[in-house]
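All the letters of the sequence shown, read from the start, carry residue numbers -20 to -1, 1 to 351 under mature numbering (1 follows the signal peptide of the UniProt record, and there is no 0). Glycine included, every Cβ here is placed at the ideal spot set by N, Cα and C. Scroll down for the structure; my scribbles are underneath it.
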Amino acid sequence: MKLKAVFLLFGLWLAQTVSAVNDGDTMKDVLGKYFTVGAAVNIDIVYGRSPEEARIVTDNFNSIVAENCMKGEVIHPEENTYFWDDADRTVKFAEDNGLEIIGHCLVWHSQPPEWMFTYENGDTVSRAVLIDRMYHHITNVVSRYKGKIKGWDVVNEAVNDDGTMRQSPYYKIIGPDYVRLAFEFAHEADPNAELYINDFSMASPGKRATICKIVRQLKADGCRIDGIGMQSHNGIDYPDLDEYEASIDSFAACGVKVMITELDMNMLPSPDDFSGADISQHFDYQDKLNPYKSGLDSKGRKLFEKRYLDFFGIYYRHRHQISRVTFWGVTDKGSWLNDFPVEGRTNYPLLFDRENKAKPVVEKIIKLFSE
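Quick look at the structure:
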């Protein structure tokens, strides 16, 4: 009897100890067993001006991406002038805190270097000139962080939802091979860096088919391409979950990593004619488009949790195909969705609220991956 009592006490102690350890686990501890868990960070975080948000990052995530400071218009404001300060600081923040860092992004039709596509007189540059400018931009940016940045979003948002190629200045001036050239330039600048193609609305069958075709062609041409980024700017009624899951399978079948790269949840109603995450969209403010000025109501909170758990259920089922899940932002107050595509709205798209507190769904996501 005494021996049984000893074993019983030991069992109770062990259970309490395990429970205490699990209670302290964060997303990077549990989900990180399968894929890295990241967040896009702004310059206030990396410069220490938002210490509470910085603590959220270091406690919960093991990967970061620069939200804006590595985009062309910021890092390369003039043809022969680079602005490195904010990008350097972001890399240092990652190094100081043992975080993986992803570079975003090298070639994108939106927020490019303003001078990229025209001569000083305003005329459109030639194909040869744009290739040369693209080469030097990619080479100088990637080379500066050689060995420090794990991977780069090389080409961002190159495909329309219907599967046609976006008629961006890169496409119009260079032609479809601008994608291949961008990957070749990036690989030459840092042969050890992973290289990705990234896009929104990746559950669209037409876009899915074209992305797969591009990736297979790049591989056939001998180009390095390591992953496909599914931006995942999701909403309460989009995307279709079956199509979203089908895209994960299709992208994995291309022989590359699948990454959830810009995850958030738009909790607000969409204006008429709203489409995807194209940041060129702007709509006039209407009260009916801003229903949660003082916070989500009970119905909204339940829907928020359900949608996030639906998606993380998919990520759990595909945990061996997914290499990274990255949220686009850290807390609700700093999310780009507060003003997109309607300025002046209050949105609630992320896992940490405006008071820097974890929402209840965080614990539920951790529990899902613990079972």
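Which residues in the same chain have their Cβ closer than 6 Å to the Cβ of residue i, if we skip the five residues on either side of it in sequence?
| i | result |
| --- | --- |
| residue -19 | Because the pLDDT at residue -19 is just 48, under 50, the model does not fix this residue reliably, and the value given afterwards should be weighed accordingly. There are no such residues. |
| residue -13 | Its pLDDT being 41, under 50, residue -13 is placed unreliably by the model, and the measurement read from it follows with that caveat. Nothing listed; no residue qualifies. |
| residue -8 | Annotation note: pLDDT 40 at residue -8 (below 50); position unreliable, coordinate value reported separately. Excluding residues within five positions, none has a Cβ falling inside 6 Å. |
| residue 231 | 208 and 238 |
| residue 218 | none |
| residue 41 | 8, 17, 18 and 19 |
| residue 285 | 341 |
| residue 214 | 245 |
| residue 345 | 292 |
Can you list, in chain order, the residues of its chain whose CB lies under 8 Å from that of residue i, leaving out five sequence neighbours each side?
| i | result |
| --- | --- |
| residue 117 | 52, 56, 86, 93 and 96 |
| residue 146 | 89, 137, 138, 139 and 140 |
| residue 131 | 82, 83, 173, 174, 175, 176, 206 and 207 |
| residue 50 | 67, 70, 83, 84, 85 and 121 |
| residue 119 | 165, 168 and 169 |
| residue 201 | 160 |
| residue 265 | 322, 323, 324 and 325 |
Between the options, which has its C-alpha nearest residue i's C-alpha?
| i | options | result |
| --- | --- | --- |
| residue 74 | 63, 90, 45 and 99 | 45 |
| residue 72 | 43, 26 and 59 | 26 |
| residue 195 | 114, 175, 334 and 329 | 175 |
| residue 334 | 157, 276, 112 and 297 | 276 |
| residue 77 | 35, 225, 99 and 192 | 35 |
| residue 11 | 59, 292 and 125 | 292 |
| residue 68 | 60, 48, 59 and 58 | 48 |
| residue 289 | 340, 323 and 4 | 340 |
| residue 287 | 80, 220 and 257 | 220 |
| residue 6 | 263, 54, 39 and 264 | 39 |
| residue 113 | 98, 102 and 123 | 98 |
| residue 257 | 266, 308 and 54 | 308 |
| residue 180 | 198, 169, 143 and 151 | 143 |
| residue 63 | 111, 124, 43 and 14 | 124 |
| residue 127 | 170, 103, 102 and 134 | 170 |
| residue 250 | 24, 322, 212 and 297 | 322 |
| residue 24 | 190, 344 and 313 | 313 |
| residue 270 | 302, 103 and 324 | 324 |
| residue 301 | 227, 149 and 347 | 227 |
| residue 268 | 294, 248, 261 and 262 | 248 |
| residue 233 | 215, 189 and 115 | 189 |
| residue 229 | 215, 210 and 214 | 210 |
| residue 111 | 266, 253 and 157 | 157 |
| residue 191 | 135, 150 and 148 | 135 |
Compute every distance between the C-beta of residue i and the non-hydrogen atoms of the ligand PLP, then say whether any falls below 7 Å.
| i | result |
| --- | --- |
| residue 52 | In the structure shown, the ligand PLP is absent, as is every other ligand, since no ligand is present at all. |
So residue i and residue j are in contact, right, with Cβ under 8 Å, and what is the actual spacing, rounded?
| i | j | result |
| --- | --- | --- |
| residue 241 | residue 178 | 6 Å |
| residue 105 | residue 154 | Not really, about 10 Å apart at Cβ, beyond 8 Å. |
| residue 342 | residue 243 | The Cβ separation is near 13 Å, so there is no contact. |
| residue 43 | residue 80 | 4 Å |
| residue 14 | residue 299 | 4 Å |
| residue 294 | residue 225 | 5 Å |
| residue 331 | residue 338 | 6 Å |
Which residues in the same chain as residue i place their Cβ atom closer than 7 Å to its Cβ, once the five residues preceding and following it in sequence are excluded?
| i | result |
| --- | --- |
| residue 223 | 183 and 185 |
| residue 274 | none |
| residue 259 | 90 and 320 |
| residue 109 | none |
| residue 336 | 32, 33, 36 and 311 |
| residue 107 | 153 and 154 |
| residue 317 | 244, 246, 327 and 329 |
| residue 1 | At residue 1 the pLDDT is 36, less than 50, meaning the model places this residue with poor confidence; the figure from the coordinates comes in the next sentence. Cβ within range, chain order: n/a, list empty. |
| residue 198 | 160, 163 and 205 |
Report yes or no: do three or more beta-carbon pairs, one from the stretch 277 to 285 and one from the stretch 199 to 211, lie closer than 8 Å? no
Give, in chain order, every unbroken run of the beta strand (DSSP E) that is at least 3 residues long and sits entirely within the stretch 209 to 269. 213 to 215 and 237 to 246
Residue ranges of each beta strand (DSSP E) within the stretch 83 to 170, 3 or longer: 131 to 136
Three or more beta-carbon pairs under 8 Å between the stretch 149 to 168 and the stretch 236 to 245, yes or no? no
At 3 residues or longer, what runs of the beta strand (DSSP E) sit wholly inside the stretch 19 to 96? 43 to 46 and 80 to 88
Which complete beta strand (DSSP E) runs does the stretch 270 to 343 hold, if anything under 3 residues is left out? 302 to 307
Extract the residue ranges of the alpha helix (DSSP H) inside the stretch 174 to 212, only unbroken runs of 4 or more that lie entirely within it. 185 to 200
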